[in-house]
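A.B. asks: Taken in order, these protein sequences are the chains called A and B. Letter by letter, the first sequence follows residues 20 to 201 in my numbering. Letter by letter, the second sequence follows residues 125 to 355 in my numbering. Ideal Cβ placement from N, Cα and C applies to all residues, glycine included. Just so we're clear, the structure is a prediction, and the values are computed from it rather than from any experiment.
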Amino acid sequence: MSKKIIATTSLAGCFGCHMSILDIDERILQLIELVEFNKSPVDDIKKFTKQVDIGIIEGGCCNSENVEVLKYFRENCNILVSLGECAIMGGLPAMRNGIPVEECLQEAYLDGPTVSLNKEKILPNDPELPMILEKVFPCHEVVKVDYFLPGCPPRADLIWDALVALVTGNEMDLPYEVVKFD
Amino acid sequence: MNNTVKFKIDGNIVTAEKGQTIVEAAHAAGIYIPTLCNFKGVKPKGCCRMCSVKINSRYMTACTTPVSDGMEVENNIDELVDMRKSIIELMFVSGNHFCPSCEKSGNCELQALGYRYQMLVPRFPFSFPQKGIDASSPKIMKDQNRCIMCKRCMKTIKDENGKNYFAFKNRSNKVEVVLDAEMGKTMPDDLAKLAMENCPVGSIIYKEIGYNEPIGTRKYDKTPIGSEIEV
Numbered sequence: 020m021s022k023k024i025i026a027t028t029s030l031a032g033c034f035g036c037h038m039s040i041l042d043i044d045e046r047i048l049q050l051i052e053l054v055e056f057n058k059s060p061v062d063d064i065k066k067f068t069k070q071v072d073i074g075i076i077e078g079g080c081c082n083s084e085n086v087e088v089l090k091y092f093r094e095n096c097n098i099l100v101s102l103g104e105c106a107i108m109g110g111l112p113a114m115r116n117g118i119p120v121e122e123c124l125q126e127a128y129l130d131g132p133t134v135s136l137n138k139e140k141i142l143p144n145d146p147e148l149p150m151i152l153e154k155v156f157p158c159h160e161v162v163k164v165d166y167f168l169p170g171c172p173p174r175a176d177l178i179w180d181a182l183v184a185l186v187t188g189n190e191m192d193l194p195y196e197v198v199k200f201d
Numbered sequence: 125m126n127n128t129v130k131f132k133i134d135g136n137i138v139t140a141e142k143g144q145t146i147v148e149a150a151h152a153a154g155i156y157i158p159t160l161c162n163f164k165g166v167k168p169k170g171c172c173r174m175c176s177v178k179i180n181s182r183y184m185t186a187c188t189t190p191v192s193d194g195m196e197v198e199n200n201i202d203e204l205v206d207m208r209k210s211i212i213e214l215m216f217v218s219g220n221h222f223c224p225s226c227e228k229s230g231n232c233e234l235q236a237l238g239y240r241y242q243m244l245v246p247r248f249p250f251s252f253p254q255k256g257i258d259a260s261s262p263k264i265m266k267d268q269n270r271c272i273m274c275k276r277c278m279k280t281i282k283d284e285n286g287k288n289y290f291a292f293k294n295r296s297n298k299v300e301v302v303l304d305a306e307m308g309k310t311m312p313d314d315l316a317k318l319a320m321e322n323c324p325v326g327s328i329i330y331k332e333i334g335y336n337e338p339i340g341t342r343k344y345d346k347t348p349i350g351s352e353i354e355v
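#1: Below 9 Å between beta carbons is the criterion; list the residues of the region 194-227 of chain B that meet it against any residue of chain A, in chain order.
#2: Can you confirm whether B:Leu237, when its beta carbon is compared against all beta carbons of chain A, has any partner nearer than 7 Å?
#3: Let's see if you can read the secondary structure: which residues bound the beta strand (DSSP E) around B:Ala140?
#4: Would A:Gln10 be called buried (16 or more neighbouring beta carbons within 10 Å of its own) or exposed?
#5: Quick check on A:Phe167: buried or exposed, where buried means 16 or more other Cβ atoms within 10 Å of its Cβ?
#6: Does any C-beta atom of chain A lie closer than 7 Å to the C-beta of B:Leu244?
#7: In angstroms, rounded to a whole number, what distance separates the CA positions of A:Asn97 and A:Val155?
#8: Just checking my contact of A:Val186 with A:Leu53 at CB under 8 Å: how many whole Å lie between their CB atoms?
#9: Of all the CB atoms in chain B, is at least one closer than 7 Å to the CB of A:Phe167?
#10: Under DSSP, the alpha helix (DSSP H) around B:Lys331 begins and ends at which residues?
#11: Counting only beta-carbon separations shorter than 7 Å, does B:Phe131 have a partner in chain A?
#12: Find the residues of chain A that neighbour B:Gly350, judging by a C-beta separation of less than 9 Å, and give them in chain order.
#13: So which of A:Val61, A:Leu48, A:Lys90 and A:Leu111 has the shortest CA-CA distance to A:Gly170?
#14: Taking 7 Å as the CB-CB limit, is A:Leu182 close to chain B?
#15: How many Å lie between B:Ala236 and A:Asp62 at the Cα?
#16: Going along the chain, which residues of its own chain have a beta-carbon closer than 8 Å to the beta-carbon of B:Lys293, five neighbours each way excluded?
#17: Under 7 Å between the Cβ atoms of B:Asn220 and B:Asn180?
#18: Please go through the same chain and pick out, in chain order, the residues whose beta-carbon is closer than 6 Å to the beta-carbon of B:Lys142, but skip the five residues on each side of it.
#19: Who pairs with A:Gly79 in a beta bridge, going by DSSP?
#20: I need the DSSP call for B:Lys287, collapsed to helix, strand or coil.
#21: If we count Cβ pairs, one from each stretch, closer than 8 Å, do we get three or more for the region 130-150 of chain A versus the region 162-175 of chain B?
Right, here's the structure in full:
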């Protein structure tokens with residue numbers, strides 16, 4: 020059996036979900052037997068080099084770059100998995116959803132109590148910077164997502180069981196202890 | 125006079141006392157029917173619909189319906205399980221329930237129901253409504269983002285004269301459960317703690333102490349909600 024190919028990315032997330040992938044401990048050796056990694060921060064491959072079986076998305080969409088990467092993943096992955104609360108429901112970045120973007124930027128770069136270096140009172144406006152979206156979107160509200168693994172971060176056992184089930188094509192059962200929203 | 129009633133839940137015969145509601149009778153018999161707005165000692169009002177069951181093919185709320193002889197109740201059937209799951213999902217998308225940042229996480233009944241029904245993602249789009257937080261009371265914080273309007277605080281948190289600390293404000297989709305500003309200033313400590321305890325979600329947060337139970341030891345970390353009832 021040829022190895023399944025996996026790609027991962029972190030959009031508006033904190034990389035905690037990727038840390039939780041590493042939390043599978045020594046099973047990582049088994050994982051390498053089962054899968055091959057393509058575009059991912061794990062191996063630092065920036066562009067897809069072939070069609071990928073499973074794409075794992077951490078984080079929701081808070082800016083235009085996130086949306087672009089997510090669409091790029093959807094095009095190049097047969098199965099997309101939302102990993103963690105941010106990808107599933109926006110998570111902590113989505114706490115800004117009730118606040119207008121202008122106010123957020125104002126607080127972060129001009130008025131915040133810890134702002135001291137921004138003497139010229141500039142809001143970041145370089146054309147190289149991705150545009151911030153009006154609100155943070157869960158991934159499945161932007162593209163079709165096939166599977167969801169909740170948690171902040173998702174428990175390593177949940178990630179492991181889900182990956183093994185996806186790679187081997189077997190059904191997975193979800194023990195109570197591993198499906199958590201925090 | 126015979127005070128017992130015999131009826132069936134999913135085909136199992138349950139004996140109950142006359143005047144009991146289906147939820148009371150079922151829980152006494154070790155059969156779990158999920159509830160959320162229902163609270164011990166408070167007159168049930170059936171507003172959250174979590175306890176919906178089918179009686180003679182009609183949907184009824186089990187917390188408000190009294191038992192009667194020969195009644196056939198359907199409880200744990202696929203249709204109702206999916207309906208209850210959709211009710212939980214609706215509650216999640218209609219508020220701002222950020223479990224990772226909530227102090228009630230692990231002890232929250234809404235979250236626990238999400239776990240029990242294995243809600244991985246809501247089927248409805250998130251609404252991210254704009255809600256406020258009232259932190260004016262020195263004892264508690266009232267977070268409207270998480271309120272599910274169950275009225276449990278309104279029914280149980282009263283002063284010695286029976287005056288409510290909490291009440292509805294506004295109407296229709298703008299309705300909010302708010303804390304009386306004056307009474308909030310002088311709220312006794314034990315009542316503030318009780319308010320947080322009675323709130324099924326994290327809408328009422330007791331100030332100064334937070335996250336004091338480690339993950340793994342909280343109420344719903346290891347065992348699902350309702351497992352204390354089921355035999």
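C.D. replies: Result, derived from the coordinates:
#1: Phe216, Val217, Asn220, His221, Phe222, Cys223, Pro224, Ser225 and Cys226
#2: no
#3: Asn136 to Glu141
#4: Residue 10 of chain A falls outside the range modelled here, since chain A spans only 20 to 201, and no answer is possible.
#5: buried
#6: yes
#7: 25 Å
#8: 5 Å
#9: yes
#10: No alpha helix (DSSP H) holds B:Lys331; DSSP gives it neither H nor E.
#11: no
#12: In chain order: nothing, as chain A lies at least about 12 Å away.
#13: A:Leu111
#14: no
#15: 38 Å
#16: Val299, Glu300, Val301 and Val302
#17: no
#18: Asn127 and Val129
#19: A:Ala31
#20: coil
#21: no
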